[in-house]
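Just so you know, we're using the numbering used here here: the sequence shown kicks off at 1 and counts up by one. Don't be surprised by glycine CBs; every beta carbon is placed ideally from N, CA and C. Take a look at the structure below.
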Amino acid sequence: MIRLPSSHAAITAPLVASSTRFPGIPIGRSLLDGRPFHLSPVLTDHRVLPSTNSLALGGLGSGKSTTAKTRARREILEHGHQYVVIDSFGEDDAGEWAPLVRSLGGQVIEAGMFTLNPVSGLFPREVREQLVRSLIAAVEPAALTHQATHALQHALNHPKATSLNGLVDALVLPEEGRWPVEKLTEWGEGAAIALSRYTEGSLRGLFDGDTASLPETDLPIISFDFSRLDRNSPAIPSLMAAVACWAEHVWLRQSTATHRHLVLEEAWQILLSPATSELIQRLLKNSRKAGLSLDVVMHTLSDLGTGPAQDLARLCEVAHIGRLGPEEAALVGALLSLPQWAIDKIPALDPGQAVWKVGPDYVDIVQTVISEEEARLTDTSSRRRKAQQALAVAVEQDTAAEAAAPAVDSDEDQDQDLADDLFAKPEPSPCDEGEWDWEMPPNVIDSRHLAAIEAAREGRCGEAADLAALGEREDITAHGINSVEALSWLSTRATVAELCGNLDQAVQLRATVARMGKDVEWFEQTDDNTSPQWHRGPQPAAPEPPADDTSEKPRRRTWPYVAGIAALALAAGVVWQHAEDDKRAQERQEQAAAYEGLSVTEVDIDGVTTKARAEWSKDGQSVILSVRVDMEENPRLVRIDSAGQTAQEKPAPLEPGEIPMPIRLEVKVPVKDRYEAVRMSVAVGGPTWEEGSRAPRRTIEFRPDRTAIDAETGKELKQYYSKLL
């Protein structure tokens, strides 16, 4: 068994990274343990990631849009996904997605250059009514009274109501119905005035066509470009409502792609519209069976206010949060249940870095990695760069003018020249870029590292671990525990552990190197290939042979031998005692190394899948026990009990249009030791449970080394995390 030195173990405990690996496209690199980060939500097990919708937040220049566009490009090229983008911001009168869309053979549709007929026969009757109501609500919310709604329903049945102009005529000149014509005319007046904004007012040309010139449905990506519209214009939520209906009833039904994505850029102005948010709710509810992912991109969460729009954000199982201010970071952390260490990191993130949360438990900090071509296609700062280039040209011209002036030698000029020489940055070496893509020659590689890794590759894992531990011990003795030579063995041991299938240990070792600010690999070179490699270290000096001494030795007395024997006996007792202390310390160290402070399992109770979780506090004085049950499981009762504390919920029937939110219950119980196991009783009444009867229950014993035991049978329960490997 490979053990970390005590100083290294202190650095790695507790670890926030886990051995989780997600399938999919490469996104970047974890800043916690240095591993590549991959993710395609649709390829992840649905039990781990029930929803494939994502939320991207971040301030200006944080890199959220670049990450979103890079993900889209890779999903299209590698997996054949299709995208529809609502693009409402850009430069030079063009949306910021336009270069990427054109490079992928897609289509950019500018607002005003296409017509969407809200009463087209392509839409079901109930969708036509909801879409027209959303158009009215966008310009005149007060016009949708109960009487106006009835007049609108009556007008939609009129033979003329095949276009928006015909619908307005049917509202102004209705036919006889259940109610007199006079009343129908009076009730429909407000709705007709609101719709006239689209037929005669400033918004004409968007929805008043006789036929709908709909885009193709087999393109890899389509961008609806709203960037030329006023950001406060009611046309944006109105167009979004129409596009959402087209996507749901035309695009999704005709598309043959394996998976589809609907991207909302600057989503706050779309989600804040009540009528539009209802359409988005329906897309979210049906996204799994429709093979659709809704990808929301916006600046801050506070833009959504405190209403239903924030509830939509909670339904996104994947979130990546770029740099935000401390107050906004705290708001996001509370809504998404982020750990405190992640909330503290958000304000200090660099461009391209983001806190990622995948599913209910996985949290990481990831640096997005993009190629030069992707950087060119996703660039959103061309104007700023032009301004910087213009400033650089002006400075260069001033410098040239000064150079043309007569030179005057002075001490100050000489001092400045000396300072420029001292602080000049060296040119980057060709070896600084990229990674090794060829086999290293034997005179460059430390053979000890190579021998350990080759043994692991050949399946001799025990021998490989021993070789790595021996080499590390030698370099610690020769150079010190924090030396580069010693740290390089952590990377080698991580490679050995990974080759031998011990992913948890590989993550711990790499995280140690990353958190110490090192990036050391066993194949690194020195400045020249002829000098000794630092991996080898200095060779131990050979002991000098004893000098010949032919002089007469003095006679020795007997009592020193007796004293020596007594001293040896005493030393033996001390060594034995130290051995016992070392054994106890080793056991404690192994216990500390196994400590994760978290245990999550999934159990089935009365036909309901229940996720149970225990999380120990940082100070080791309490444990938060919680359960989560999706409303799709149709639970009628959920209850937890632990240490005399109880939490219970009986879900009420959903109101029409209400989003089903999962049931989350938690209690906080005290503990005396961070390594102490805790028990929680979980009772769940399934779909057939009746009020007044005893609900089935299970008692789970959680342990802080990421294990859980069924208290009744004594069998170990499978950890929910194991499904993420």
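Rounded Cβ spacing between residue i and residue j (contact assumed at less than 8 Å)
i, j, result
"A354", "H320", "4 Å"
"T258", "H81", "7 Å"
"Y198", "L239", "With 8 Å as the limit, Y198 and L239 do not qualify as a contact, their Cβ atoms being about 11 Å apart."
"L262", "L294", "5 Å"
"D606", "W689", "6 Å"
"S54", "V318", "4 Å"
"T512", "H449", "Not confirmed; about 17 Å, so no contact."
Exposed unless 16 or more other CB atoms sit within 10 angstroms - verdict on residue i
i, result
"D33", "buried"
"R457", "exposed"
"V181", "exposed"
"M680", "buried"
"L164", "buried"
"T495", "buried"
"S255", "buried"
"A348", "exposed"
"L77", "exposed"
"R473", "exposed"
"I624", "exposed"
"K345", "buried"
"K650", "exposed"
"H46", "exposed"
"Y720", "buried"
"W356", "buried"
"D475", "buried"
"S6", "Note on S6: pLDDT 37, under 50, position unreliable in the model; no value is reported."
"G325", "exposed"
"E732", "Given a span of 1 to 725 for the chain in the structure shown, any question on residue 732 remains unanswerable."
"E691", "exposed"
"P687", "exposed"
C-beta contact flag for residue i and residue j at 8 Å
i, j, result
"E248", "V297", "no"
"I365", "T70", "no"
"D87", "F224", "yes"
"T646", "R639", "yes"
"A506", "E498", "yes"
"A137", "R228", "no"
"P50", "H38", "no"
"A244", "I280", "yes"
"W187", "A151", "yes"
"L156", "E200", "no"
"R29", "Q367", "yes"
"G291", "R253", "no"
"K718", "T601", "yes"
"L301", "L331", "yes"
"I221", "I109", "no"
"A161", "V119", "yes"
"R697", "V682", "yes"
"A191", "L171", "yes"
"L467", "A478", "no"
"T707", "S626", "no"
"L283", "L315", "no"
"R73", "E374", "yes"
"I663", "R628", "yes"
"S693", "P351", "no"
"V669", "A711", "no"
"L167", "V132", "yes"
"T609", "S287", "no"
"A242", "L116", "yes"
"A464", "A455", "yes"
Opposing strand residues paired with residue i [DSSP bridges]
i, result
"D641", "T646 and S681"
"Y362", "V358"
"E265", "V297"
"T713", "In the DSSP output, where bridge partners are listed per residue, T713 has none listed."
"R460", "Partner(s): none; R460 has no beta bridge."
"K672", "Partner(s): none; K672 has no beta bridge."
"W689", "Paired residue(s): none; W689 is not in a bridge."
"A729", "Outside the shown range of the chain, which is 1 to 725, sits residue 729, and nothing can be said about it."
"K611", "E602 and R628"
Minimum Cβ-Cβ distance from residue i to chain C less than 8 Å
i, result
"R448", "Among the chains of the structure shown, chain C does not appear; only one protein chain is present."
beta-carbon residue i near the ligand COA non-hydrogen atom, thresh 7 Å
i, result
"T492", "For the structure depicted, the ligand COA is absent and the ligand set is empty, with no information on it obtainable."
On the three-pair Cβ rule with 8 Å, is the stretch 672-683 touching the stretch 620-630? yes
Per the contact definition of three or more C-beta pairs closer than 8 Å, is the stretch 36-47 in contact with the stretch 55-63? no
Tell me, please, whether the stretch 139-146 touches the stretch 248-261 by the rule of three or more beta-carbon pairs shorter than 8 Å. No: the two stretches stay apart, fewer than three of their Cβ pairs being nearer than 8 Å.
Using a Cβ distance threshold of 8 Å, determine whether the stretch 698-713 contacts the stretch 655-663, with at least three qualifying pairs required. no
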